[in-house]
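> Take this structure first; my questions come after.
Protein chains in written order, with the working numbering: chain P, 769 to 972; chain L, 39 to 361.
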């Protein structure tokens with residue numbers, strides 16, 4: 769099986785937020801929850817950079833390490849998914865996650881957290897694939913339909929890539945080589961953003 | 039040295055200016071926030087680095103350290119019981135009962151005690167349940183209990199604080215440190231070891247120590263608990279991580295103290311528990327463990343050894359004495 773990864777090319781992201789909207793729509797994410805967000809560094813200044821970020825489906829996921837009820841599981845594709853029937857809404861995964869991926873709908877008074885919600889790489893949850901129950905809890909299971917996450921599929925500049933880590937890394941590497949010919953100094957972008965943190969890639 | 043440092047500095051400066059992108063992403067790794075259209079706390083922060091530290095500290099030192107502190111305390115108490123056994127009454131019971139804890143004090147004590155036990159069991163569930171309970175309960179069953187535990191922990195905390203505050207008020211005076219008496223009590227190890235009986239007032243130095251542990255570390259535990267309980271305060275993740283660790287460390291200290299307190303108050307000392315259940319202790323017990331208290335009562339004229347069938351009441355107490 770492939771090891772699924774996200775890759776965001778900051779040279780291409782134009783901060784259109786289409787990925788954010790696509791995600792919300794495809795998965796019918798509840799109000800107040802954003803599985804994906806676009807962050808712009810040095811916004812409005814020359815050289816500003818944007819990154820679309822969601823759960824990166826880490827190799828050694830901190831969320832799973834601190835989860836007191838062990839609600840996370842890792843699929844054959846390397847995706848970090850969770851079981852909402854097990855989750856108790858403690859918020860520990862949110863404390864541990866470097867990417868701010870776990871989201872909590874407010875559940876009752878005093879800001880009590882409901883069950884955690886996060887990006888599933890459009891791969892649903894432990895329920896039967898594409899069942900109504902799965903859709904209600906986790907959103908669309910596009911992977912089971914042979915499709916990739918919608919955020920990346922509809923990215924207009926192909927800044928956001930999702931898929932087999934080897935393939936998207938090759939695409940990125942190819943881009944870097946071409947860019948080096950074109951303008952900037954080489955070797956300034958040999959590894960995609962966040963890969964060192966998420967996948968322990970030493971080259972970044 | 040300075041020269042080397044200067045060269046390194048210059049090189050670093052050149053390096054960073056030649057790689058503006060590297061500089062940019064270094065800033066991001068350090069948690070510099072950007073702009074995002076998505077509303078939410080810290081949404082502009084791409085990477086928060088402190089989460090990893092918190093994970094390591096929680097799953098490492100807090101997890102192991104807590105187990106060592108609790109296991110060690112239990113082992114020491116068990117060993118102590120085997121070696122020393124129960125501290126028995128030295129004189130036979132007189133049958134004369136002296137009011138030690140009035141009804142209000144007892145109700146408050148047990149209110150706080152029950153909440154303390156609930157908080158301990160549920161709190162330990164959140165840290166150790168995955169390792170200890172989950173394997174034999176199974177994920178679904180354990181999650182059911184953990185969900186209940188989280189809820190119980192969250193609502194018991196504020197109630198516990200509501201009990202702790204009046205405790206300060208009613209027992210503050212009894213627990214003021216009296217260097218002469220209390221150091222002597224500690225030096226004699228409270229009569230727990232050997233046969234010496236250090237004098238003690240209404241509260242002996244051990245009880246005072248436990249009281250002040252609760253009022254200091256226990257207060258820290260309470261405050262951090264409230265902050266964790268209410269994500270409303272809008273504290274950032276880094277603060278919550280630190281608060282969580284302080285909460286954990288102070289919890290272990292207080293739980294260890296409570297284990298000692300429970301031991302001494304139950305199987306460790308003959309005749310102690312009945313005071314907290316029925317309110318009254320035997321005259322022999324009072325004379326053996328709290329002789330200065332007994333003397334003071336007598337001096338105040340509330341009790342006469344000559345007319346020793348008189349019951350003692352403590353009108354100076356916060357609560358109205360019971361009949």
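We put the beta carbon where it would ideally sit given N, CA and C, even for glycine.
Within 7 Å of any Cβ in chain P, is that where the Cβ of residue 126 of chain L sits?
no
> Beta-carbon within less than 7 Å of residue 156 of chain L's beta-carbon, same chain only, minus the 5 sequence neighbours each way: which residues are those?
Contacts found: 190, 194.
> Quick one: does residue 76 of chain L have its CB under 7 Å from some CB of chain P?
yes
> Just reading off the beta strand (DSSP E) that residue 929 of chain P is part of, what are its end residues?
Note, residue 929 of chain P: beta strand (DSSP E), 928–932.
> Classify residue 131 of chain L: buried if its beta carbon has 16 or more other beta carbons within 10 angstroms, exposed otherwise.
exposed
> So, is residue 914 of chain P buried or exposed, given that buried needs 16 or more other C-beta atoms within 10 angstroms?
exposed
> If we define contact as Cβ-Cβ less than 7 Å, is residue 223 of chain L a contact residue for chain P?
It does not; no Cβ of chain P falls within 7 Å.
> Which value, in whole angstroms, describes the spacing of the CA atoms of residue 178 of chain L and residue 899 of chain P?
21 Å
> How about residue 856 of chain P: is its C-beta nearer than 7 Å to some C-beta of chain L?
yes
> Compare the C-beta of residue 219 of chain L with all C-beta atoms of chain P and state if any pair is closer than 7 Å.
no
> Please report the Cβ distance between residue 238 of chain L and residue 224 of chain L, rounded to the nearest whole angstrom; I am assuming they are in contact, meaning their Cβ atoms lie under 8 Å.
About 11 Å separates the two Cβ atoms, so there is no contact after all.
> Indicate whether residue 787 of chain P and residue 887 of chain P have their beta-carbon atoms separated by less than 7 Å.
no
> From residue 74 of chain L to residue 869 of chain P, what distance separates their C-alpha atoms?
14 Å
> Quick one: list the residues of chain L neighbouring residue 788 of chain P, beta-carbon separation under 8 Å, in chain order.
75, 76
> Grouping DSSP H, G and I as helix and E and B as strand, with all else coil, what is residue 802 of chain P?
coil
> Let me know if residue 145 of chain L comes out buried or exposed under the rule of 16 or more other beta-carbons within 10 Å of its beta-carbon.
exposed
> With DSSP collapsed to three states, give me the class of residue 884 of chain P.
coil
> Three Cβ pairs or more, each shorter than 8 Å: is that satisfied between the stretch 117–128 of chain L and the stretch 299–313 of chain L?
Remark: three or more beta-carbon pairs, one from each stretch, lie closer than 8 Å, so the stretch 117–128 of chain L and the stretch 299–313 of chain L are flagged as touching.
> With a Cβ-Cβ cutoff of 7 Å, do residue 808 of chain P and residue 779 of chain P count as a contact?
no
> Could you tell me whether any Cβ in chain L is nearer than 7 Å to the Cβ of residue 864 of chain P?
yes
> According to DSSP, is residue 179 of chain L helix, strand or coil?
helix
> Can you give me the C-alpha to C-alpha distance between residue 871 of chain P and residue 102 of chain L, rounded to a whole angstrom?
Whole-angstrom Cα-Cα distance: 29 Å.
> Is residue 802 of chain P close to chain L? Criterion is C-beta to C-beta, closer than 7 Å.
yes
> Starting from residue 137 of chain L, follow the beta strand (DSSP E) in both directions and report where the run begins and ends.
135–137
> List the residues of chain P that residue 198 of chain L touches, going by C-beta distances under 7 Å, in chain order.
Per Cβ cutoff of 7 Å: no residues; residue 198 of chain L is ~16 Å from chain P at best.
> Please tell me whether residue 314 of chain L has its Cβ less than 7 Å away from any Cβ of chain P.
Put simply, the CB of residue 314 of chain L is far from chain P, with every gap to its CB atoms at 7 Å or more.
> Using beta carbons (cut-off 7 Å, strictly below), is residue 917 of chain P in contact with chain L?
no
> Drop a sphere of 10 angstroms on the beta-carbon of residue 163 of chain L, count the other beta-carbons inside from all chains shown, and report buried for 16 or more, exposed for fewer.
buried
> Flag residue 323 of chain L as yes if its beta-carbon sits less than 7 Å from any beta-carbon of chain P, otherwise no.
no
> For residue 973 of chain P, write down the residues that DSSP places opposite it in a beta bridge.
Given that chain P is displayed from residue 769 to residue 972, the structure contains no residue 973 of chain P and the question cannot be resolved.
> Let me see if you follow: with CB-CB separation under 7 Å, is residue 289 of chain L close to chain P or not?
The Cβ of residue 289 of chain L sits no closer than 7 Å to any Cβ of chain P.
> Mind pulling the alpha helix (DSSP H) runs of 4 or more residues that sit fully within the stretch 771–825 of chain P?
786–795
> Any beta carbon of chain L sitting closer than 7 Å to that of residue 782 of chain P?
no
> Please check if any C-beta of chain P sits within less than 7 Å of the C-beta of residue 97 of chain L.
yes
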